[in-house]
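Novice: Below: one structure in C-alpha cells.
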Amino acid sequence: MMNTLAPSLVVSSDADPVTGYRAFTLGGFTFVRDDYFATVSWPAKGERLTHKMSVDAFLRAMMRDVAWGFFYGWVNFDGVFGTRNRYGTVDVFAGRYNENYHGAGLSYVENFDEPVILSTFKAILADWVNAGFDPFAAPAETTTSVFGPKNGDNIAAIERTRLITQRMPGIPGDSPLRDDEHGFPINRQFADVPQDEPEIIAEPGFENELHAFSLFKYLSRSDVTWNPSVTGVCQRSLACPTTEEYLLPIIHGNDRVEWFVQLSDHIVWDVQDKETGRPRAKITMRAGDVAAMPADIRHQGYSPKRSMLLVWENATPGLPELYESGKLPPYPIEF
Ligand code: PHB
Ligand code: FE
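Per our numbering, residue 3 is the first one in the sequence shown, and the count goes up by one each step.
Next comes the structure, spelled out in C-alpha cells:
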C-alpha cells in the first residue's frame, strides 16, 4: 500500500536541531515529536490545543491507518485523536468523539483528499520511525529504539506490502502460502501448531476447482500483529484472519457490523459507545467464541499472548449510509 506519492503534498519543517525530527502540518493540525511523545495541535476557541501520546503508541496507530487505507469507519488513535474514512476523502478529528472535548466546544474536524493525508502520514512514519523499531511487531519482537533522538529509519518495515488475496492463498496465480524458505518461520508462540496441510482429493476433471490449506499453519507464520489481511474472498464477504499480541494499537469505530471468530487463545475487548466513548461492555473471547461487533460502537482488543483471530468483514457498497440513516439496525440479529 505504500506507494510513492508526491512529496509536494507534504508540508514539513526542517529537522529540529536538538531532536533531529521534522514537524508536519496538515491543514489546521500540526504534528511534532520529541524523544518520548507525539504532540498533535489544532485550533479551538481562537487558541491552539495540544494533545500528547506516547510516540510508540502513536506510530503503531498511524502505521495501521496507512496500511489499511483508513480502514472501515473510524480509526481512533486514543480517546481524542483519529481519522474517519469517507472513502475518497478522510476526516481528521481531535476531540470530536470525546464527549467532554466536544461538549466544551474544543473539538476540531477537517476533511482531506485521501492522497494528501496519506502522503503526510507516510512522511511522518518515514521520519519518526527509527532504525530497529517495527510498528507492526509485538513489543517483545522489536526494540525500544522508537524512543530518543532521531536515529536512522526503518523504511523496509513501514513499506511492507500487504498481500491482497484474490480468492485464497496457494491457488495458482494468487498470493503464496507461508513457509521457512520464503522467510516466514513459525512464530515463537505458535511452536505447538501442527504444520500438516490438508490432503485434496478431487474428482477427475475438478482438479483445478478445489483448493484447501491449513489456516493454522498459515497464521502460525505471520510476522506481524494486529493486521487483518484479506485471505478468503467470496463475493462481498472478506475473511481477514490476523495474529494478535499485546494491544490493538487503535480503537476501531465501526461503520458496519463486523464479526470476530476467536481461533486460538483469548482476547479481551473493551467496547465503548462510538460517539461519546462511554464504556458499554467488556468481552472475553476464548478459542471458538464468535461475536458480532455492532455498527454503533468502538472497540479495542487486549491479547495477553499471541492469538489467532478471524475478522469477517462485509464489503457491500453503501453499508455505512444504511447504518447511519437507521435503515439497518446496528446489530445483525433480533432475538
Ligand atoms: C478491528 O478493529 O476490528 C480489528 C482491527 C485489527 C485487528 C483485529 C480487529 O487485528
Ligand atoms: Fe473493528
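Every residue gets a Cβ at the ideal spot worked out from N, C-alpha and C, and that includes glycine.
Under a three-way DSSP split, which group does aspartate 58 fall into?
Specialist: Aspartate 58: helix per DSSP, three-state reduction.
Novice: Who are asparagine 316's beta bridge partners in DSSP?
Specialist: Ser239.
Novice: Got a sec? Which residues, its chain only, sit under 7 Å from proline 332 by beta carbon, not counting five neighbours each side?
Specialist: Here the set comprises Pro296, Ala297, Asp298, Tyr325.
Novice: For serine 224, does the three-state DSSP call read helix, strand or coil?
Specialist: Reduced to three states, the DSSP call for serine 224 is coil.
Novice: Which runs of the beta strand (DSSP E) fall wholly inside the region 129-182 and span at least 3 residues, in chain order?
Specialist: The qualifying runs do not exist here; there are none.
Novice: Taking the beta carbon of glycine 207 as the centre, do at least 16 other beta carbons fall within 10 Å, making it buried, or is it exposed?
Specialist: With fewer than 16 Cβ atoms within 10 Å of its Cβ, glycine 207 is classed as exposed.
Novice: For arginine 258, which three-state DSSP category applies?
Specialist: Correct three-state label for arginine 258: coil.
Novice: In the DSSP assignment, find the unbroken beta strand (DSSP E) run with tyrosine 110 in it and report its ends.
Specialist: Here the beta strand (DSSP E) through tyrosine 110 covers 110-115.
Novice: Is the region 266-286 in contact with the region 87-102, if contact means three or more CB pairs nearer than 8 Å?
Specialist: Yes, they touch.
Novice: Any heavy atom of the ligand FE within a distance shorter than 7 Å of the CB on asparagine 102?
Specialist: Checking the Cβ of asparagine 102 against the ligand FE gives no.
Novice: Flag this pair as touching only if the region 234-242 and the region 119-136 have three or more C-beta atom pairs under 8 Å; answer yes or no.
Specialist: The region 234-242 vs the region 119-136: no contact.
Novice: Does DSSP put leucine 330 in a helix, a strand or coil?
Specialist: Coil.
Novice: From phenylalanine 33 to cysteine 242, what distance separates their C-alpha atoms?
Specialist: Roughly 32 Å between the two C-alpha positions.
Novice: Taking C-alpha atoms, which residue in Val259, Phe337, Thr245 lies nearest to tryptophan 314?
Specialist: The shortest Cα separation from tryptophan 314 among Val259, Phe337, Thr245 belongs to Val259.
Novice: Which stretch, first to last residue, makes up the beta strand (DSSP E) that contains asparagine 78?
Specialist: It spans 76-78 - the beta strand (DSSP E) in which asparagine 78 sits, taken as one unbroken run.
Novice: Serine 15 by DSSP, collapsed to three states: which one?
Specialist: Serine 15 falls in the coil class under three-state DSSP.
Novice: Any heavy atom of the ligand FE closer than 7 Å to the beta-carbon of asparagine 256?
Specialist: Indeed, a heavy atom of the ligand FE lies less than 7 Å from the Cβ.
Novice: Check the C-beta distance from valine 12 over to alanine 125 and give it rounded, since I have them as a contact under 8 Å.
Specialist: Right, their Cβ atoms sit about 4 Å apart.
Novice: Count the other CB atoms, across all protein chains shown, that sit within 10 Å of the CB of histidine 184; report buried if there are 16 or more and exposed otherwise.
Specialist: Counting Cβ neighbours within 10 Å, histidine 184 comes out exposed, since fewer than 16 surround it.
Novice: Run the CB neighbour count on glutamine 197, radius 10 Å, all protein chains shown included, and call it buried at 16 or more, exposed below.
Specialist: Exposed.
Novice: Report all residues from its chain with a CB closer than 7 Å to the CB of asparagine 5; omit the five preceding and five following residues, and keep chain order.
Specialist: Here asparagine 5 scores only 42 on pLDDT, less than 50, and its place in the model is too uncertain to base an answer on.
Novice: If contacts are defined as beta-carbon pairs under 8 Å, then valine 77 and arginine 66 qualify, I think. What distance do you get, rounded to the angstrom?
Specialist: Going by Cβ atoms, the distance from valine 77 to arginine 66 rounds to 7 Å, so yes, they are a contact pair.
Novice: Mind checking whether valine 118 and phenylalanine 95 have CB atoms under 8 Å apart?
Specialist: No, the Cβ-Cβ distance between valine 118 and phenylalanine 95 is not below 8 Å.
Novice: How close, in whole Å, do the beta carbons of aspartate 37 and phenylalanine 186 come, if the pair is a contact with beta carbons under 8 Å?
Specialist: Not really, about 34 Å apart at Cβ, beyond 8 Å.
Novice: Excluding the 5 residues flanking arginine 169 on each side, which residues of the same chain have their C-beta closer than 7 Å to its C-beta?
Specialist: If we look at arginine 169 and ignore the five residues flanking it on each side, its Cβ neighbours are Asp176, Val235.
Novice: Please report the straight-line C-alpha distance between methionine 3 and arginine 88, rounded to a whole angstrom.
Specialist: Any answer about methionine 3 is weak, because its pLDDT of 37 lies below 50 and its placement is not dependable; what the coordinates show is given next. Whole-angstrom Cα-Cα distance: 18 Å.
Novice: With a CB to CB cut of under 8 Å and the five nearest residues on each side skipped, what residues in its chain are close to asparagine 189?
Specialist: For asparagine 189, where only same-chain residues beyond five positions count, the Cβ hits under 8 Å are Ser222, Arg223, Ser224, Asp225, Thr245, Arg308.
Novice: Mapping DSSP to helix, strand and coil, what is proline 322?
Specialist: Correct three-state label for proline 322: helix.
Novice: Looking at the strands, I want to know which residues DSSP matches up with arginine 50.
Specialist: Note: arginine 50 sits in a beta bridge opposite Pro45.
Novice: For valine 68 versus leucine 108, is the C-beta spacing smaller than 8 Å?
Specialist: No, the pair does not count as a contact, with Cβ atoms beyond the cut-off.
Novice: Assign isoleucine 157 to one of two classes, buried (16 or more other C-beta atoms within 10 Å of its C-beta) or exposed (fewer than that).
Specialist: By the neighbour-count rule (16 or more Cβ atoms within 10 Å), isoleucine 157 is not buried but exposed.
Novice: Please confirm whether any heavy atom of the ligand PHB lies closer than 7 Å to the CB of leucine 249.
Specialist: Checking every heavy atom of the ligand PHB against the Cβ of leucine 249, none is found closer than 7 Å.
Novice: If you draw a straight line from the C-alpha of proline 151 to the C-alpha of leucine 217, how long is it?
Specialist: Distance between the alpha carbons of proline 151 and leucine 217 is about 41 Å.
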